[in-house]
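Chains as they are written, first to last, in my numbering: chain U, 662 to 861; chain Y, 662 to 861. Every residue gets a Cβ at the ideal spot worked out from N, C-alpha and C, and that includes glycine. Predicted, not measured: the structure shown is a model, and the values here were computed from it.
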């Protein structure tokens, strides 16, 4: 039985950041995205996606790294697994695609940790739930969020069309309007961990 | 590393329910409650409280057992630890006080499981956060929520002034108005578990 788990977090200033070629969104509208989801479902069945929660600290408070697209929309780094792909390996592949340098020697040795939440999409719609609703026998997507344990120093290469933000838990909490239901409840899901803030 | 944990849940009909003497609330108003909290803080320091999430299933969907006071207010079974008391032992004591039969032989052998959330009260006020806010060096309360693994059959004795309700996750989700911030986000905190619904 685990009653508290310690997670080391390092200052944002421990990490260095560069840029790389843009990673364009595959869809230009929500309607396009849901249509593509439907086509893929017909071919491959339920979509499984994986996302990483990367933590840093500032002012003795945990912050989460989010990718910002344009001026408003924020998302966790991650993405869709290939059919049959292992979750952990798939998340590492996606993190490297989103945040790894082009030179393999500089890509972080991603340490994928605890599963913190699972969200279900019952229909080809934007709404997701933190459970598979009763009577839904064929959910369309299952999205899994994992803690990613960062080392003391890392280099991140951010696609030129995106911004990487370190957002404090107190900004995410109770802010569904800005961050949506998945990201705004990460503070609750992380509350069981004890964050050990390591300063240099 | 744990990517999914299986939790067995049994039908509500597996459990039997009786009544026992009333357990009155110690305070008759929120103001009284906060005043008592302040007096206790002066004597004993930060209050630690523990609450249990007891799961049953109905219609192939997890339900949580909540104690209802009057017609609106719902709470998880649990309460305040004595100074220096062990969390697990304290939660067992509180569960027995709230739901155990008067006859010791009939009291469930409480299996306290995973810690699922920790909430902090920074001031002598009703608002709590799923993190200790920055710059708060002397929080007034720390509340810890634990999963309680029920056996296939149990007998619960419910104080006569309270009602015991089995509330589905889909009713709690996104329902902060009715259940408050702590209980309404339990579905997100439980989403990482895989519920194995055992039918008789």
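With three or more CB-CB distances shorter than 8 Å, the region 799–819 of chain Y counts as touching the region 743–763 of chain Y. Beta-bridge annotation (DSSP): residue 858/Y is paired with 670/Y.
A straight line joining the alpha-carbon of residue 807/Y with that of residue 683/U spans about 44 Å. Legend: CB atoms of the region 841–860 of chain Y lying less than 8 Å from CB atoms of chain U belong to residues 842, 846, 848, 849, 850, 851, 852, 853.
Shown here for residue 753/U: same chain residues with a beta carbon closer than 6 Å to its own, the five before and five after excluded, namely 771 in chain order. Going by C-alpha positions, residue 829/U is about 6 Å away from residue 725/U. Short of 8 Å from the beta carbon of residue 855/Y, and not among the five residues preceding or following it, lie these beta carbons of its own chain, in chain order: 665, 666, 667, 668. For residue 751/Y, the three-state secondary structure derived from DSSP is helix. Excluding the 5 residues flanking it on each side, residue 799/U has same chain C-beta neighbours closer than 8 Å at 707, in chain order. A Cβ-Cβ contact shorter than 8 Å links residue 698/U with residue 785/U. For residue 689/U and residue 721/Y, the gap between their C-alpha atoms comes out near 38 Å. Across the set 728/U, 809/U, 705/U, the C-alpha of 728/U shows the shortest separation from the C-alpha of residue 686/U.
Interface residue (Cβ-Cβ distance to chain U less than 8 Å): residue 776/Y is classified as such.
Here DSSP, grouped into helix, strand and coil, assigns residue 775/U to strand.
The C-beta distance from residue 678/Y to residue 825/Y rounds to 7 Å, short enough to meet the 8 Å contact threshold. The CB of residue 834/U comes closer than 7 Å to the CB of 790, 791 in chain Y, given here in chain order.
No Cβ of chain U is located within less than 8 Å of the beta carbon of residue 724/Y. When DSSP states are grouped into helix, strand and coil, residue 839/U belongs to the helix group.
Measuring C-alpha to C-alpha distances from residue 732/Y to each of 840/Y, 681/Y, 715/Y identifies 840/Y as the nearest. Here the alpha carbons of residue 738/U and residue 681/U stand approximately 15 Å from one another. At least one CB atom of chain U sits nearer than 8 Å to the CB of residue 830/Y. At a C-beta separation below 9 Å, residue 721/Y has these neighbours in chain U: 795, 796.
Across the structure, residue 694/Y and residue 846/Y are spaced so that their CA atoms are roughly 24 Å apart. Apart from the 5 residues on each side of it in sequence, residue 837/Y sits with its Cβ closer than 6 Å to the Cβ of 845 in its chain, given in chain order. From the listed residues 748/U, 735/U, 857/U, 756/U, the smallest Cα separation to residue 803/U is found for 748/U. Of the candidates 696/U, 853/U, 675/U, 692/U, 853/U places its Cα closest to the Cα of residue 778/Y. Residue 700/Y counts as exposed, since fewer than 16 other beta carbons sit within 10 angstroms of its beta carbon.
Residue 813/Y is classed as exposed because its beta carbon has fewer than 16 other beta carbons within 10 Å across all chains shown. Counting only residues of its own chain and dropping the five nearest sequence neighbours on each side, residue 691/U has a CB closer than 8 Å to the CB of 787.
Identification of chain Y residues near residue 779/U by a Cβ-Cβ cut-off of 9 Å yields 665, 852, 853, 854, 855, ordered along the chain. A straight-line Cα-Cα distance of about 37 Å links residue 750/U and residue 712/Y.
Taking the C-beta atoms as reference points, residue 809/Y is found nearer than 8 Å to residue 773/Y. Look at residue 677/U here: in three-state DSSP terms it is strand.
Between the alpha carbons of residue 783/Y and residue 795/Y lies a gap of roughly 10 Å.
Straight through space, the alpha carbons of residue 696/U and residue 822/U are spaced by roughly 24 Å. Ranked by how close their Cα comes to the Cα of residue 710/Y, the residues 831/Y, 755/Y, 717/Y, 792/Y have 755/Y in first place.
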